[in-house]
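Chemist: Residue numbers (the working numbering): 22 to 330. Virtual Cβ for every residue (Gly too), placed ideally from N, Cα, C.
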Ligand code: GLN
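Written as structure tokens, this is what we have:
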């Protein structure tokens, strides 16, 4: 067994037995039904994949999808994207509206809800919502090399029914001209890409391009340029965990993106693409055990971008 396999197995065992599990998101019934006892981890490193626990159970990727929509929108708009969304940590909760007034409807970064809605609007322009959503889903299936990845329609419908805050953010941005498309269309695509279901194994596969300078290490296919991969990683490090981003960098030391479904995609540049999932969240809406597991893994493997112990 490799050192990575041993680490992954031990971490999964420890996580399964920990009593502190955080609180499962309960704003829609579909997420509230998740088992707080679940924990999965998949790591694609230099020697292949190491997975343990519930690594093959699909979960709602929620805001982890924002990494992939950012990648697509940068491909479509290039640096013009930055006229519509900033690149600074927000220091606010993921669904906060306060900063939009100060900055004329331009969200602070692509990973808070307002920023991701603006990014989704860029992908939607010139398309029907169904086409834009198809682009997003097919992109994920392509980079994960798995056509079984799907959108959980019940989750998307619930989000739409209860998404008053996201509708407020979108309408507010629209009033400043930051969104081009009808607000309902943009929100529909946003809710659906948040509702994509993936397992840790699929998510780690999808993240490989960020760990390898923009290219799929197996096929050699360039998903994005090395510069773009580096910059997406920088944004994940500074903004990927909302107002818990500083703490995540301090403890884990890797670019990472969380979602309220309890998933986290973390990247060890040049080394590994890592996905963890545990539905219990901390006060910032980030997976509680997911963060602890990543902290243990980064420490054991010496993967923190800030240096090994
Ligand atoms: N769909 C969720 C929302 O828009 C995503 C939030 C998250 O994962 N942090 O509220």
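Let's see if you can read the secondary structure: which residues bound the alpha helix (DSSP H) around residue 179?
Modeler: Along the chain shown, read from residue 1 onward, the residue named residue 179 stands at position 158. Per DSSP, residue 179 belongs to the alpha helix (DSSP H) from 174–183.
Chemist: Between 55, 145, 108 and 74, which lies nearest to residue 93 when the distance is taken from Cα to Cα?
Modeler: Residue 93 sits at position 72 when you count from the first residue of the chain shown. When C-alpha distances from residue 93 are compared across 55, 145, 108 and 74, the shortest belongs to 145.
Chemist: Check each candidate in 155, 182 and 178 and name the one with the smallest Cα separation from residue 171.
Modeler: Counting from one through the chain shown, the residue named residue 171 turns up at place 150. The shortest C-alpha separation from residue 171 is found at 155.
Chemist: Name the two residues that bound the continuous alpha helix (DSSP H) containing residue 87.
Modeler: Numbered from its first residue, the chain shown carries residue 87 at position 66. Where residue 87 is concerned, the enclosing alpha helix (DSSP H) stretches over 86–98.
Chemist: Out of curiosity, what's the CA-to-CA distance linking residue 143 and residue 38?
Modeler: Here residue 143 refers to the residue found at position 122 when the chain shown is read from its first residue. Here residue 38 refers to the residue found at position 17 when the chain shown is read from its first residue. Straight-line measurement puts the Cα of residue 38 at about 44 Å from the Cα of residue 143.
Chemist: Going straight from the alpha carbon of residue 132 to that of residue 177, what length do you get?
Modeler: One-based indexing of the chain shown puts residue 132 at position 111. One-based indexing of the chain shown puts residue 177 at position 156. If I take the Cα positions, the gap works out to 19 Å.
Chemist: Could you check where the beta strand (DSSP E) with residue 278 kicks off and where it finishes?
Modeler: Reading the chain shown from its first residue, position 257 is the one you call residue 278. Here the beta strand (DSSP E) through residue 278 covers 277–279.
Chemist: Let's see if you can read the secondary structure: which residues bound the alpha helix (DSSP H) around residue 210?
Modeler: What you label residue 210 is simply residue 189 of the chain shown in a count that begins at 1. Start and end: 204–215.
Chemist: Could you compute how far the alpha carbon of residue 309 sits from the alpha carbon of residue 36?
Modeler: The count along the chain shown starts at 1 and reaches residue 309 at position 288. The count along the chain shown starts at 1 and reaches residue 36 at position 15. Their backbone Cα atoms lie some 10 Å apart in a straight line.
Chemist: Look up residue 160 in the DSSP assignment and say whether it is helix, strand or coil.
Modeler: Working through the chain shown from its first residue, we reach residue 160 at position 139. If DSSP states are grouped into helix, strand and coil, residue 160 belongs with the helices.
Chemist: Grouping DSSP H, G and I as helix and E and B as strand, with all else coil, what is residue 31?
Modeler: The residue given as residue 31 occupies position 10 in the chain shown. Three-state result, residue 31: helix.
Chemist: State the Cα-Cα distance for the pair residue 324 and residue 149, rounded to the nearest angstrom.
Modeler: On the chain shown, position 303 is the one that residue 324 refers to. On the chain shown, position 128 is the one that residue 149 refers to. The straight-line gap from Cα to Cα measures roughly 42 Å.
Chemist: List the residues that DSSP assigns as beta-bridge partners of residue 219.
Modeler: The sequence position of residue 219 within the chain shown is 198, counting from 1. Partner(s): 80.
Chemist: Could you check which residue in 193, 217 and 277 has the C-alpha nearest to that of residue 117?
Modeler: The count along the chain shown starts at 1 and reaches residue 117 at position 96. For residue 117, the nearest C-alpha among the options comes from 193.
Chemist: Out of curiosity, what's the CA-to-CA distance linking residue 275 and residue 88?
Modeler: Taking the first residue of the chain shown as 1, we reach residue 275 at position 254. Taking the first residue of the chain shown as 1, we reach residue 88 at position 67. Answer to the nearest angstrom: the Cα atoms are 15 Å apart.
Chemist: Determine, using beta carbons only, whether residue 212 and residue 186 come nearer to each other than 8 Å.
Modeler: In the chain shown, residue 212 corresponds to position 191, counting from 1. In the chain shown, residue 186 corresponds to position 165, counting from 1. Not a contact, by the Cβ cut-off of 8 Å.
Chemist: Which partner residues of residue 243 appear in the DSSP bridge assignment?
Modeler: By 1-based counting over the chain shown, the position of residue 243 is 222. According to DSSP, residue 243 bridges with 236.
Chemist: Around the Cβ of residue 76, are there at least 16 other Cβ atoms within 10 angstroms (buried) or fewer (exposed)?
Modeler: The residue labelled residue 76 in the question sits at position 55 within the chain shown. Residue burial annotation: residue 76 is buried, with at least 16 other C-beta atoms found within 10 angstroms of its C-beta.
Chemist: Rank 250, 278, 198 and 319 by C-alpha distance to the C-alpha of residue 134 and give the top, closest one.
Modeler: Residue 134 sits at position 113 when you count from the first residue of the chain shown. Nearest C-alpha to residue 134: 278.
Chemist: Is residue 74 near ligand 1, with its Cβ less than 7 Å from a heavy atom?
Modeler: Numbered from its first residue, the chain shown carries residue 74 at position 53. Outside the cutoff, so no.
Chemist: Apply the 10 Å Cβ neighbour rule to residue 271 and answer buried if 16 or more other Cβ atoms are within range, or exposed otherwise.
Modeler: Reading the chain shown from its first residue, position 250 is the one you call residue 271. Exposed: under 16 other Cβ atoms inside 10 Å.
Chemist: What residues in its chain sit with their C-beta under 7 Å from that of residue 259, if we drop five residues either side in the sequence?
Modeler: Translated into the one-based positions of the chain shown, residue 259 becomes position 238. Closer than 7 Å at Cβ, skipping near neighbours: 110 and 266.
Chemist: Which one of 315, 60 and 91 has the shortest CA to CA distance from residue 79?
Modeler: On the chain shown, residue 79 is found 58 positions in, with the first residue counted as 1. Here the closest residue by C-alpha is 60.
Chemist: Between which two residues does the alpha helix (DSSP H) harbouring residue 102 extend?
Modeler: Counted from its first residue, the chain shown places residue 102 at position 81. No alpha helix (DSSP H) contains residue 102, which DSSP labels as neither H nor E.
Chemist: Between the C-alpha atoms of residue 90 and residue 130, what's the straight-line distance to the nearest angstrom?
Modeler: The residue labelled residue 90 in the question sits at position 69 within the chain shown. The residue labelled residue 130 in the question sits at position 109 within the chain shown. So the two alpha carbons sit approximately 13 Å from each other.
Chemist: Any residue with its Cβ nearer than 6 Å to a heavy atom of ligand 1 should be included. What is that list in chain order?
Modeler: 83, 84, 115, 116, 134, 180, 187, 215, 280, 281 and 306
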